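Worksheet for the structure shown next.
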Amino acid sequence: MNTATTSTSKMAADPAGGSLRFYGVWLIGIAVLIVLPMIFSSGGSLTSFSLIGIAIVFALSYNILFGQTGLLSFGHAVQYGLGGFAACHMMNAVVSHGWPIPLPFIPLFGGLGGLVFAMIIGWVMTKRAGTVFAMISLGIGELVASSSLILRSVFGGESGITTDRTALPKMLGWSFGPQLQVYYLIAFWLVLSAIAMYALTRTPLGRICNAVRDNPERVQFIGYDPHVVRYIAFCFAGFFAGIAGGLAAINFEIANSAYLGAIQSGLVLFSTFIGGTAFFFGPILGAILVTYLQLGLTNLTTAWQLYFGIIFIGIVMYAPGGIAGLLMMHRPLIRAGTLWTVIPSYLVAIVPTIALACGVILTIETVARFSGGDAINLFGNAFNPTSPVTWIAAAILVVGGAFVARLTWRRIAEAWDRAATVARDRGYLA
Amino acid sequence: MTAAIEVRAVEKRFGNVGIIRDLNLSVAKGERHAIIGPNGAGKSTTFNLISGHIAPTSGEVKLNGDLISGLRPFEINRRGLSRSFQVTNVFARMTVWENVRCAVLWATGHRYAFWKNVDSLPEVRERTAQILDDIHLTHRRDVPAGLLTYAEQRELEIGITIASGATVVMLDEPTAGMSHAETDRAVSLIRRLTEGKTLVIVEHDMSVVFGLADRISVLVYGHIIASGTPEEIRRDPKVKEAYLGEEAH
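Sequences listed follow chains A and B, in order.
Heads up, the first sequence is in the numbering used here, so the first residue is 176 and it goes up one at a time.
Heads up, the second sequence is in the numbering used here, so the first residue is 15 and it goes up one at a time.
Right under this line is the structure:
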């Protein structure tokens with residue numbers, strides 16, 4: 176399994192034969208974005224889709240730093256938040272001065288807000304990579320987040336800066352009052368940003384970013400200053416984070432200190448890592464999953480952050496390539512035609528793995544609600560958290576599930592080794 | 015004619031320890047120059063001093079007559095000096111093709127461009143393909159560099175080093191750890207690829223050194239004790255005593 180997880184390649188590597196498939200993927204993505212609100216038209220779904228769209232832009236911008244250039248930032252929400260504030264101030268200025276700038280152009284000003292701050296702060300920040308950069312990003316994040324509460328005229332203190340998106344000039348008769356119109360605005364900027372960020376990875380700069388990620392020392396001996404490379408990457412990441420912040424400002428009609436804070440910075444790191452940093456589409460998957468879970472889990476359980484933590488630790492330990500890495504490691508097997516030899520072992524593993532997961536969920540919920548004494552409602556069944564039956568059931572599920580699941584996971588590993596060997600022999604795996 | 019590399023009175027101290035003392039070295043243009051010496055003599059440090067990896071405590075290094083000591087590695091590289099590393103130093107997660115292409119980009123003038131599609135730059139593509147062909151890794155072009163065999167990584171290392179078209183090429187133990195057959199292959203590769211260029215090479219394998227070099231310098235305890243043609247070095251009593259004495263059978 177190791178060889179497969181270490182092998183990384185990029186989307187649509189073949190220049191000629193893959194181009195049709197490559198454009199196909201993008202067109203399908205755009206089509207999905209257009210059709211989605213027609214299928215799920217409830218207010219709740221539109222809000223979810225809007226939030227997911229914003230999260231995707233934000234996570235993709237984070238991956239310019241993390242996945243592409245190897246910069247682990249703990250303060251990426253700074254650029255996002257400042258983009259949000261810039262957009263809010265711009266919207267209010269447009270309204271008060273009567274400028275003829277319709278709402279769809281506002282995210283650009285959010286982007287500029289993020290970009291300008293990145294340009295100012297970035298040169299010092301990107302002087303060193305690794306731990307130094309991570310620590311400085313954490314410091315800057317705290318600094319800006321606390322300043323936002325102090326500098327009231329700019330950040331509006333606790334309450335933030337509010338705005339009214341419908342007060343801006345209309346475009347093509349759209350007032351952007353209804354959530355559906357806001358969704359399409361977000362979808363438009365999502366497509367634009369995603370294309371731009373993908374294109375960026377295919378430029379000389381984008382390639383050198385990867386080289387800096389892999390080996391900043393060697394880069395210096397092929398003519399490049401890694402500091403400059405990191406700086407430009409940081410500016411681009413700031414710009415696109417600012418666009419995401421601008422979209423959020425439009426969506427919520429407010430920008431406040433929560434936009435800039437450590438929680439927001441942590442969430443984007445989380446989404447990007449869970450999705451997978453080695454592939455362009457990884458952060459997209461991560462943003463969709465994390466936003467969806469965040470919206471869904473908060474309604475279901477008070478311990479939702481605990482689940483996030485468990486998922487994150489699980490991914491870091493067992494699938495460092497994220498969801499995208501897990502998916503893409505099957506590609507050579509599909510090409511070699513050996514995937515079917517692995518599938519049965521997956522099917523066998525499903526049952527004990529689900530049992531283990533249920534056991535963990537039951538344990539967490541029991542512990543979380545023990546003090547409250549509320550009944551637990553899991554998958555339509557009620558459990559009493561103070562009852563020993565519940566505790567025993569949880570223990571059996573966790574211990575028994577883990578024991579059997581380990582055996583089945585070993586079978587997966589063996590099946591994988593066999594399939595990978597065949598794939599290697601057939602030349603589909605290095 | 016100005017020398018390709020001129021090292022004059024260079025000293026390097028780490029704290030109180032002088033690693034390199036009064037180093038003088040002159041490499042003429044188009045020459046194949048080997049630096050030999052026992053382990054710990056400071057051969058790699060000499061490489062690092064010339065290529066800008068570390069700055070000399072005192073003294074000066076000139077490249078084609080221009081002072082380069084104190085410049086950053088990428089500034090020196092842009093002036094036409096390229097080096098390889100003793101320990102393989104490639105871009106492990108990127109493919110062989112991308113490794114070489116990255117090394118081609120600056121020299122072809124694309125620098126930090128973020129408005130060009132890297133796949134549609136014909137001169138970059140041709141040059142990369144040429145280099146891959148030269149180092150016999152075309153069939154491995156889509157393999158991540160980290161998954162290559164050791165010998166292949168060493169060849170890629172040479173490919174990255176020469177990709178920029180630098181006129182002065184420095185190779186730090188290019189055949190270290192290679193089998194006999196692999197070494198022969200590597201030597202003919204080096205000979206072919208550095209045709210018409212200035213080559214400075216650090217090497218432990220004496221058959222490689224005496225087969226490849228026009229001139230040899232012997233470094234002992236951070237000081238060059240002799241410099242001359244292979245024949246002169248072979249006869250030099252100081253060299254025999256300090257170095258070849260133990261090695262020449």
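Built from N, CA and C at the ideal position, the CB exists for glycine as well.
All of these numbers come straight from a predicted model, not from anything done at the bench.
DSSP, reduced to helix, strand and coil, places B/Lys254 within a helical segment of the structure shown. Residue-level contact by beta carbon holds for A/Gly398 and chain B, with a gap shorter than 8 Å. According to DSSP, residue pairing for B/Ile50 in a beta bridge involves B/Val232. Residue-level contact by beta carbon fails for A/Asn238 and chain B, as no gap is shorter than 8 Å. DSSP places B/Gly32 outside any alpha helix (DSSP H); the residue lies instead in the beta strand (DSSP E), whose first and last residues are 31-41. When 8 Å is used as the limit between beta carbons, A/Ile383 is near these residues of chain B: Cys116, Leu119, Tyr126, in chain order. Using a CB distance cut-off of 8 Å, A/Leu380 counts as an interface residue toward chain B. In the structure shown, B/Asp219 adopts coil according to DSSP, grouped into three states.
For A/Leu468, there are no CB contacts under 6 Å within the same chain when 5 residues up- and downstream are skipped.
Collapsing the DSSP output to three states places A/Glu333 in coil.
Neighbours of A/Arg377 across chain B, judged by C-beta separation under 8 Å: Asn131, Val132, Asp133.
When C-beta atoms of the stretch 92-106 of chain B are compared with those of the stretch 411-427 of chain A, fewer than three pairs fall below 8 Å, so the two segments do not count as touching. A/Asn426 counts as buried, since at least 16 other C-beta atoms from the protein chains shown sit within 10 angstroms of its C-beta. Looking at the backbone, the Cα of B/Glu137 and that of B/Ala18 are separated by about 27 Å. Annotated three-state conformation of A/Arg405 is helix, per DSSP.
With the criterion set as a beta carbon lying under 8 Å from some beta carbon of chain A, the members of the stretch 87-105 of chain B are Pro87, Phe88, Asn91, Arg92, Ser96, Arg97, Phe99, Asn103, Val104, Phe105, in sequence order.
Under the DSSP assignment, A/Asp600 falls in the alpha helix (DSSP H) whose first and last residues are 563-600. Annotated three-state conformation of A/Phe487 is helix, per DSSP.
The C-beta distance from A/Leu481 to A/Ile397 rounds to 46 Å, too long to fall under 8 Å, and the pair is not in contact. Proximity to A/Ile486 across A/Ile525, A/Leu442, A/Leu514 peaks at A/Leu442, based on C-alpha coordinates.
Sorting A/Ala511, A/Ile529, A/Gly576, A/Trp515 by C-alpha distance to the C-alpha of A/Leu604 places A/Ala511 at the top. With its beta carbon less than 8 Å from one in chain B, A/Gln395 belongs to the interface. Excluding the 5 residues flanking it on each side, A/Gly471 has no same chain C-beta neighbour closer than 7 Å. DSSP, reduced to helix, strand and coil, places B/Ile68 outside both helices and strands of the structure shown, so it counts as coil.
Nearest CB-CB separation between B/Arg141 and chain A: not below the 8 Å threshold. In the same chain as B/Asp156, and ignoring 5 residues on each side of it, the C-beta atoms closer than 7 Å to its own belong to Thr109, Trp111, in chain order. The residues Pro212, Gln354, Leu355, Tyr358, in chain order, have a CB closer than 7 Å to that of A/Leu221 in the same chain once the five nearest residues on each side in sequence are set aside. Counting C-beta pairs closer than 8 Å gives fewer than three between the stretch 128-144 of chain B and the stretch 71-80 of chain B, which falls short of the contact rule. Taking all protein chains shown into account, B/Asn53 has fewer than 16 neighbouring C-beta atoms within 10 Å of its C-beta and is therefore exposed.
Leaving aside the five residues that flank B/Ala121 on each side, the residues in its chain whose CB is nearer than 6 Å to its CB run, in chain order, Ser178, Gly179. In terms of CA proximity to A/Gly332, A/Ser321 leads the group A/Ala261, A/Thr341, A/Thr378, A/Ser321. Listed as beta-bridge partners of B/Val114 by DSSP are no residues whatsoever.
In this structure, the alpha-carbon of A/Ile518 lies about 17 Å from that of A/Arg581. The alpha-carbon separation between B/Asn113 and B/Ile174 amounts to approximately 7 Å.
Considering only B/Val222, B/Glu20, B/Thr16, the residue with the shortest C-alpha distance to B/Ala190 is B/Val222. Under the rule that a run must span 3 or more residues, the beta strand (DSSP E) segments found entirely inside the stretch 87-162 of chain B read 95-97.
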